[in-house]
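In our numbering, the protein residues as written are 6 to 149. Let me begin by presenting the structure, written as structure tokens, before commenting on it.
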């Protein structure tokens with residue numbers, strides 16, 4: 006079963022709150038990420054300019070406001086990656102950032118997301134280089 010078939014995400018998709026991101030885009034984002042050095046279960050941030058935010062001590066609005074200061078904040082939408090073999094979801098950036106725990110609820114562990122924009126013709130413009138990492142709890146790391 007694909008993660009997007011879970012009831013909570015299927016509801017987001019059917020209501021128009023999220024779109025299905027093609028598996029090919031998720032594979033490309035994954036391929037981009039694996040070019041970085043990795044630890045056993047996550048990206049090795051030691052040689053990547055980044056900043057970490059703890060979402061547990063702030064309101065959703067404050068977290069989103071802070072997150073918008075990073076590279077991902079330059080975009081209108083967010084691509085949530087579950088696996089390179091599965092489709093992901095696309096949602097508004099603010100909605101995605103304020104609901105990372107909800108989006109990844111049935112996909113435990115470290116997860117990655119990136120910014121994207123929709124061009125005037127409606128085609129997504131993926132910005133894989135503007136990404137973040139959600140630790141599955143309350144920690145979010147943003148690439149600078």
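The C-beta atom is built at its ideal place from N, Cα and C for all residues, glycine as well.
Open item on the list: Could you pull the DSSP bridge partners for residue 139 from this structure?
Closed with: Here residue 139 is taken as the residue at index 134 of the chain shown, counted from 1. DSSP output for residue 139 lists 116, 145 as bridge partner(s).
Open item on the list: Quick test of the definition: if touching needs 3 or more C-beta pairs under 8 Å, does the segment 20-35 touch the segment 82-91?
Closed with: yes
Open item on the list: I need the DSSP call for residue 25, collapsed to helix, strand or coil.
Closed with: In the chain shown, counting from the first residue as 1, residue 25 sits at position 20. DSSP places residue 25 in strand when its eight states are reduced to three.
- [ ] Determine the DSSP secondary structure at residue 57, reduced to helix, strand or coil.
- [x] As a first step, residue 57 must be located in the chain shown, where it is residue number 52. Strand at residue 57.
Open item on the list: Taking the alpha carbon of residue 132 as the reference point, which residue from 20, 66, 95, 80 has its own alpha carbon closest?
Closed with: Residue mapping note: residue 132 aligns to position 127 of the chain shown, counting from 1. Selected option, being the one with the closest Cα: 80.
TODO: Taking residue 76 as the reference, give the member of 17, 33, 54 with the closest Cα.
DONE: Numbered from its first residue, the chain shown carries residue 76 at position 71. It is 54 whose Cα lies nearest to the Cα of residue 76.
Task: Paired residues, beta bridge with residue 82 - DSSP - done: Taking the first residue of the chain shown as 1, we reach residue 82 at position 77. DSSP, once it has assigned bridges, lists 97, 121 as partnering residue 82.
Task: Three-state secondary structure assigned by DSSP to residue 134 - done: Numbered from 1 along the chain shown, position 129 holds the residue referred to as residue 134. In this structure, residue 134 counts as strand in the three-state DSSP scheme.
Open item on the list: Quick check on residue 135: buried or exposed, where buried means 16 or more other Cβ atoms within 10 Å of its Cβ?
Closed with: On the chain shown, position 130 is the one that residue 135 refers to. That one is buried.
TODO: Give the straight-line distance between the Cα atoms of residue 49 and residue 39, rounded to the nearest whole angstrom.
DONE: The residue labelled residue 49 in the question sits at position 44 within the chain shown. The residue labelled residue 39 in the question sits at position 34 within the chain shown. Near 10 Å, if we compare the C-alpha coordinates of residue 39 and residue 49.
- [ ] Can you give me the Cβ contacts of residue 35 inside the same chain, cut-off strictly under 6 Å, excluding the 5 residues immediately before and after it?
- [x] On the chain shown, position 30 is the one that residue 35 refers to. Hits under 6 Å: 89.
Open item on the list: Less than 9 Å between the beta carbons of residue 51 and residue 100, yes or no?
Closed with: Within the chain shown, numbered from 1, the residue matching residue 51 stands at position 46. Within the chain shown, numbered from 1, the residue matching residue 100 stands at position 95. No. Outside cutoff.
Open item on the list: Just to check my reading of the structure: residue 103 and residue 68 have Cβ atoms closer than 8 Å, yes? What is that Cβ distance to the nearest angstrom?
Closed with: Position 98 of the chain shown holds residue 103. Position 63 of the chain shown holds residue 68. Yes, they are in contact, since the Cβ atoms of residue 103 and residue 68 sit about 7 Å apart, within 8 Å.
Open item on the list: Taking the straight line between their C-alpha atoms, what separation do you get for residue 94 and residue 61?
Closed with: As a first step, residue 94 must be located in the chain shown, where it is residue number 89. As a first step, residue 61 must be located in the chain shown, where it is residue number 56. So the two alpha carbons sit approximately 24 Å from each other.
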